[in-house]
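Report on one structure; see the data block that follows.
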Amino acid sequence: MPKRKFILLSILKTWLLATLVSEVLLIGFMEATKRPEDHHRMCDMSGLGYVLIAFWILVLSAVSFSSLLSLLKPFQGTIRTALCWFLLPAIPLIYALFLTASENFDPQGTFLLLIFDLPWLMIWTFYYIRFRSRFK
10 MPKRKFILLS
20 ILKTWLLATL
30 VSEVLLIGFM
40 EATKRPEDHH
50 RMCDMSGLGY
60 VLIAFWILVL
70 SAVSFSSLLS
80 LLKPFQGTIR
90 TALCWFLLPA
100 IPLIYALFLT
110 ASENFDPQGT
120 FLLLIFDLPW
130 LMIWTFYYIR
140 FRSRFK
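Written out as structure tokens, the structure is:
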């Protein structure tokens, strides 16, 4: 399988798997933290969190197209390839982390941020490791 096809399929698979995992984790989190007096969870805006997860992971996957730079000759060193795969996708993650730190998020907000980011990052790291082992 050529490198370009592997990277594009990795981006697509990461987006799909991370979206599914994050959605399931969010459903579980919402059920685990539900209180009997919460009547507003089933309002018209209840689907907004699920759409935000899908959109956020789509943004991360779009930014991960920078991994295609690793196909160019100047970016084929070990450190340069890692930068192509992780530097640009890490910028939105770090920005979101600083936003939550400046807003003094409570533990639930921090946990939601982890639900939004960690599945994508873990799956993307898995595909990076497979890329490095397959195309040495």
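Heads up: the sequence shown begins at 10 in our numbering, then just goes up one per residue.
Using N, Cα and C, we set each Cβ at its ideal position, and we do this for glycine too.
- The alpha helix (DSSP H) runs of length 4 or more contained entirely in the region 32-93 are, from start to end of the chain, 57-72.
- Closest in alpha carbon position to S31, among F74, F120, Y137 and T134, is F120.
- Spatial neighbours of S70 in its own chain (CB-CB distance under 7 Å, excluding positions within 5 residues in sequence) are listed in chain order as I20, T23 and W24.
- Per DSSP, M10 lies in no alpha helix (DSSP H) segment and is marked neither H nor E.
- Around P98, the same chain offers L69, V72 and S73 as residues with beta carbons nearer than 6 Å, after the five sequence neighbours per side are excluded.
- Distance from A105 to L122 at the Cβ level is roughly 6 Å; contact confirmed, criterion being Cβ atoms closer than 8 Å.
- Taking W65 as reference, the option from L127, P45 and P116 with the minimal CA-CA separation is L127.
- In this structure L92 is not in contact with R13, their Cβ atoms being roughly 19 Å apart against a cut-off of 8 Å.
- A direct Cα-to-Cα measurement between D115 and G58 gives close to 17 Å.
- Scanning its chain for C-beta atoms nearer than 6 Å, with the 5 sequence neighbours on each side dropped, one finds around L102 the residues D126, in chain order.
- Pairing I100 with A27 gives a Cβ-Cβ distance that is not under 8 Å.
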